[in-house]
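2 protein chains.
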Amino acid sequence: MKAINLAAKLATFTDHWSPRIVAGYNGNDIMVVKVQGEFTWHSHADTDDLFLVLKGSLTIRMRESDVHVGPGELFVVPKGVEHCPVAAEEVHLLLIEPAGTPNTGDAATAAVKQRV
Amino acid sequence: MKAINLAAKLATFTDHWSPRIVAGYNGNDIMVVKVQGEFTWHSHADTDDLFLVLKGSLTIRMRESDVHVGPGELFVVPKGVEHCPVAAEEVHLLLIEPAGTPNTGDAATAAVKQRV
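Protein chains in written order, with the numbering used here: chain F, 115 to 230; chain X, 115 to 230.
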């Protein structure tokens, strides 16, 4: 058993919006992801969605307001709330979602989450 | 709704081994804590225990081996595994546990988790 270095895991890939699973916690996937540009509007009917910014600055658009999340900041999108993450420049994130949650809110369009 | 700045939350207190709840995720408490010295050996029968080091360097002693967790590193102690966190100098951590989990593994000796 050893610690998981998030920067080292992030250094293993370059693509955007494709989360990598780095650990598990009670049936949740702990993931790192690089994002840039605008994602799709979506919601998760059954789960909150936790974003922790490791590098860069993320905007999470929601229908009622936007939230700006900088390095060392986190935000939890409550379940059922429509949101659209946007990153003007590349952002590195830690994400937590129940294992199997589609990142787009829809299994048909979701990225496959690889383990690194 | 706004982002939660972990450093700002940590700046609101100085005591050790007393987690503060900063957010919730699907019935879990997202907490920050400052630790220094040696905690008590304990285990959680019903939950994994996630440690993310924000500042400093933490040693998690377990019966079979120790794990060293530095800044930007995380470690998940599997449920049921006895462990004892040790910090030679002050360490700042993000913790995730199901709401109501006693930090010592025993409600009788656990710290009260305040919300900040």
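The C-beta atom is built at its ideal place from N, Cα and C for all residues, glycine as well.
Under 9 Å from the C-beta of residue i: neighbouring residues of chain X
{"i": "F:F184", "result": "Before going further, note that residue 184 of chain F is Gly rather than Phe in the sequence given. The answer, in chain order, is A117 and N119."}
{"i": "F:G219", "result": "Here the premise fails: no neighbours, minimum Cβ distance about 16 Å."}
6 Å Cβ shell around residue i - same chain, five flanking residues per side excluded
{"i": "F:L166", "result": "L188 and L208"}
{"i": "X:A224", "result": "P216, N217 and T218"}
{"i": "F:N140", "result": "none"}
{"i": "X:D163", "result": "V191"}
Limits of the beta strand (DSSP E) - the one that residue i falls within
{"i": "X:K169", "result": "D163 to K169"}
{"i": "F:K227", "result": "Note, F:K227: premise wrong, no beta strand (DSSP E); not H, not E."}
{"i": "F:A202", "result": "H197 to P212"}
{"i": "F:A137", "result": "R134 to Y139"}
{"i": "F:K123", "result": "No beta strand (DSSP E) holds F:K123; the alpha helix (DSSP H) holding it covers L120 to L124."}
{"i": "X:N142", "result": "N142 to E152"}
{"i": "X:T173", "result": "L172 to M176"}
{"i": "X:H182", "result": "D180 to V183"}
Cβ distance (whole Å) where residue i is taken to contact residue j below 8 Å
{"i": "F:V195", "j": "F:S171", "result": "Actually they do not touch by this definition, with Cβ atoms about 21 Å apart."}
{"i": "F:H197", "j": "X:A117", "result": "At roughly 13 Å, the Cβ-Cβ gap does not stay under 8 Å, so F:H197 and X:A117 are not in contact."}
{"i": "F:V149", "j": "F:A201", "result": "5 Å"}
{"i": "X:T161", "j": "X:P212", "result": "5 Å"}
{"i": "F:M145", "j": "F:K227", "result": "6 Å"}
Amino acids of chain F, ordered along the chain, whose beta-carbon sits closer than 7 Å to that of residue i
{"i": "X:S179", "result": "M115"}
{"i": "X:I135", "result": "Those within 7 Å of X:I135 in chain F number zero; the least Cβ separation is about 12 Å."}
{"i": "X:D162", "result": "Y139 and N140"}
Cutoff 7 Å; reference residue i; Cβ partners in own chain excluding five residues on either side
{"i": "F:R77", "result": "Nothing about residue 77 of chain F can be read from this structure; chain F reaches only from 115 to 230."}
{"i": "F:K169", "result": "P185, V205 and H206"}
{"i": "X:N142", "result": "I210, E211, P212 and A213"}
Nonlocal neighbours in the same chain, by C-beta distance under 8 Å from residue i, ignoring five residues either side
{"i": "F:D220", "result": "H156"}
{"i": "F:E203", "result": "Q150, G170 and S171"}
Heavy atom of the ligand FAD within 7 Å of residue i beta-carbon
{"i": "X:Y139", "result": "In the structure on display, the ligand FAD does not appear, and there are no ligands present to speak of."}
Within chain F, partners of residue i - CB distance below 8 Å
{"i": "X:E187", "result": "A117, I118, N119 and L120"}
{"i": "X:V230", "result": "By Cβ distance, chain F contributes nothing, its closest Cβ being about 14 Å from X:V230, past 8 Å."}
When the Cβ atoms of the segment 132–146 of chain F are set against those of the segment 180–198 of chain F, are three or more pairs found closer than 8 Å? no
Contact between the segment 151–166 of chain F and the segment 216–230 of chain F is defined here as three or more beta-carbon pairs at a separation below 8 Å; is this criterion met? yes
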